[in-house]
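**Q** Quick note: the sequence shown uses my numbering, first residue 2, plus one each step. I'd like to ask some things about the structure below.
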Amino acid sequence: MTLSKIKTLALSAATLASLFGAVAPFEADASTTVTTTMAISATVLSSCGVTALPLAFGTYSPTQSTNTTATTTVAVTCTNGTPYNVGLNAGTGTGASVTTRKMTSGSNTLNYSLYSDTGYSTVWGSTIGTNTVTGTITLPSTVTLTPSATSTPMGKPVLCPVPVPRNGNLCLFPDKPYQSSQWDVYDWVGVSIASLNFGNSNACWNVGNLPPGIYIVRIKMSYLDGSSSTTWQKIVVSL
């Protein structure tokens, strides 16, 4: 090996040592941890939802002397801490109010009421501050309300069935306990066909002597409470 080659190798070794010496401090800086914070936020709106299960009275007899009762469930779900106010309107029955609601079937009606207590003393209506149900949701975020209901007589005496089959029986379903009833039957042009008087039970009439057609019946009621009423009803005698 010549002297010139030995010098070249020594220079190369010195250069490498210098390079590695420069890298070492850079590797130490790369392992340093730097932290910061990130703000997270959300705005929760006050909102509520409400669901109601069906209310079924079951079997009801218009001649019974006591009301039929039933209950159902109204569930309110709101964001936590939200005040709620739940009202029930009069419904869609013609002439109904929150104190006397009405189920209808053709021209026939059945009165009923909805209450916010099981003692049937507080009518559940739709006037805020008067007869609605209020509260504030706290966890859990769903509250269950239980309206109670009673069905009351129909508001007027009714003859059923309509139409009545020929040779069938037309029977009276009274609106409240009664002492007697009188039926005055007219044909469609106003000619008197029959006048019938009944006591307080078995008020049924066989229409076998009537030809098929449309008739008008005037129903005069005398009630056990001393009151009376007169109503008119159209009946149809079918073939």
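Think of the CB as a built atom: it goes at the ideal place given N, C-alpha and C, for glycine as much as any other residue. No experiment lies behind these values; they were computed from the predicted model shown.
Determine the closest residue to Asn132 out of Met39, Leu56, Leu211 and Tyr116, with distance taken between C-alpha atoms.
**A** For the purposes of this step, residue 132 is taken as the residue at position 131 of the sequence shown. Of Met39, Leu56, Leu211 and Tyr116, the residue nearest in Cα terms is Tyr116.
**Q** Determine the direct distance from the alpha carbon of Val192 to that of Tyr216, and round the result to whole angstroms.
**A** Here residue 216 refers to the residue found at position 215 of the sequence shown. Here residue 192 refers to the residue found at position 191 of the sequence shown. Roughly 10 Å separates the two Cα atoms.
**Q** Taking the straight line between their C-alpha atoms, what separation do you get for Ser122 and Ser114?
**A** Walking along the sequence shown from the start, residue 122 turns up at place 121. Walking along the sequence shown from the start, residue 114 turns up at place 113. Computed Cα separation, rounded: 10 Å.
**Q** Checking 9 Å against the spacing of the C-beta atoms, do Val45 and Thr80 come in under that value?
**A** Position 44 of the sequence shown, counted from the first residue, corresponds to residue 45. Position 79 of the sequence shown, counted from the first residue, corresponds to residue 80. Yes, Cβ-Cβ distance for Val45 and Thr80 is below 9 Å.
**Q** Using the rule of at least 16 other Cβ atoms within 10 Å of the residue's Cβ for burial, across every protein chain shown, is Asp176 buried or exposed?
**A** Counting from 1 along the sequence shown, the entry for residue 176 is found at position 175. Counting Cβ neighbours within 10 Å, Asp176 comes out buried, since at least 16 surround it.
**Q** For Arg167, report the span of its beta strand (DSSP E) as first-last.
**A** Position 166 of the sequence shown, counted from the first residue, corresponds to residue 167. Segment: none, Arg167 is in no beta strand (DSSP E) and carries neither H nor E.
**Q** In this structure, how does DSSP classify Ser5 when only helix, strand and coil are distinguished?
**A** Counting from 1 along the sequence shown, the entry for residue 5 is found at position 4. Confidence is the limiting factor: at Ser5 the pLDDT is only 44, short of 50, which leaves the residue's position unreliable, though a coordinate-based value still follows. Helix, per DSSP.
**Q** Using the beta-carbon count (16 or more within 10 Å), is Ser182 buried or exposed?
**A** Along the sequence shown, read from residue 1 onward, the residue named residue 182 stands at position 181. Burial call: buried.
**Q** For Thr105 and Asn112, what's the separation of their Cα atoms in angstroms?
**A** Position 104 of the sequence shown, counted from the start, is the residue given in the question as residue 105. Position 111 of the sequence shown, counted from the start, is the residue given in the question as residue 112. Rounded to the nearest angstrom, the two C-alpha atoms are 9 Å apart.
**Q** What does the alpha-carbon distance come out to for the pair Ser196 and Val75?
**A** As a working note, residue 196 is residue 195 in the sequence shown. As a working note, residue 75 is residue 74 in the sequence shown. Approximately 50 Å, taken between the alpha carbons.
**Q** Among the candidates Gly82, Thr67, Asn210 and Leu56, whose CA atom is the shortest distance from the CA of Thr73?
**A** Here residue 73 refers to the residue found at position 72 of the sequence shown. Of the candidates Gly82, Thr67, Asn210 and Leu56, the one whose C-alpha sits nearest the C-alpha of Thr73 is Leu56.
**Q** Output the residue ranges of the beta strand (DSSP E) runs that lie fully inside the region 47-132 and measure 3 residues or longer, sorted by chain position.
**A** For the region 47-132, whole beta strand (DSSP E) runs of length 3 or above, ordered along the chain, are 49-53, 69-72, 75-79, 84-87, 102-106 and 109-116.
**Q** In terms of DSSP beta bridges, what is Val237 paired with?
**A** Counting from 1 along the sequence shown, the entry for residue 237 is found at position 236. Answer by DSSP bridge pairing, in chain order: Ile215.
**Q** Using the C-alpha atoms, what's the distance from Val165 back to Ser228?
**A** Here the question's residue 228 lines up with position 227 in the sequence shown. Here the question's residue 165 lines up with position 164 in the sequence shown. In a straight line, the C-alpha of Ser228 is about 29 Å away from that of Val165.
**Q** Counting along the chain, where does the beta strand (DSSP E) carrying Ala195 start and finish?
**A** Position 194 of the sequence shown, counting from 1, holds the residue named residue 195. Run containing Ala195: Ser193 to Phe199, per the beta strand (DSSP E) assignment.
**Q** What separation, rounded to the nearest whole angstrom, lies between the Cα atoms of Gly130 and Thr70?
**A** Walking along the sequence shown from the start, residue 130 turns up at place 129. Walking along the sequence shown from the start, residue 70 turns up at place 69. Near 26 Å, if we compare the C-alpha coordinates of Thr70 and Gly130.
**Q** For Pro154, which residues in the same chain have their Cβ closer than 7 Å to its Cβ, ignoring the five residues on either side in sequence?
**A** If you number the sequence shown from 1, residue 154 lands on position 153. Confidence at Pro154 is low in this model, with a pLDDT of 47, below 50, so its placement is unreliable and the value that follows should be read with caution. The answer, listed in chain order, is Pro63, Asn112, Asp176 and Lys177.
**Q** Looking only at C-alpha atoms, which of Leu171, Trp189, Tyr179 and Val35 sits nearest to Gly209?
**A** As a first step, residue 209 is located in the sequence shown; it is residue number 208 there, counting from the start. Measuring from the Cα of Gly209, the nearest candidate turns out to be Leu171.
**Q** Who does Asp188 pair with in a DSSP beta bridge?
**A** Start at 1 with the first residue of the sequence shown, and residue 188 comes out as number 187. DSSP, once it has assigned bridges, lists Tyr216 as partnering Asp188.
**Q** In or out: Ile138 buried (at least 16 other Cβ within 10 Å) or exposed?
**A** Numbered from 1 along the sequence shown, position 137 holds the residue referred to as residue 138. Counting Cβ neighbours within 10 Å, Ile138 comes out buried, since at least 16 surround it.
**Q** Hey, would you say Leu173 sits closer than 9 Å to Val159, going by beta carbons?
**A** Sequence index remark: in the sequence shown, residue 173 carries index 172 (1-based). Sequence index remark: in the sequence shown, residue 159 carries index 158 (1-based). Taking 9 Å as the Cβ cut-off, Leu173 and Val159 qualify as a contacting pair.
**Q** For Thr119, count neighbouring Cβ atoms within 10 angstroms of its own Cβ and tell me buried if that reaches 16, exposed if not.
**A** What you label residue 119 is simply residue 118 of the sequence shown in a count that begins at 1. Exposed.
**Q** Output needed for Ser48: all residues of its chain with C-beta closer than 8 Å, excluding positions within five of it in sequence on either side, in chain order.
**A** Counting from one through the sequence shown, the residue named residue 48 turns up at place 47. Excluding residues within five positions, the ones whose Cβ falls inside 8 Å are Cys79, Thr80 and Thr83.
**Q** Please return the same chain residues whose Cβ sits closer than 6 Å to the Cβ of Gly92, not counting the five positions on each side in sequence.
**A** The residue you call residue 92 lines up with position 91 of the sequence shown. The residues are Arg102.
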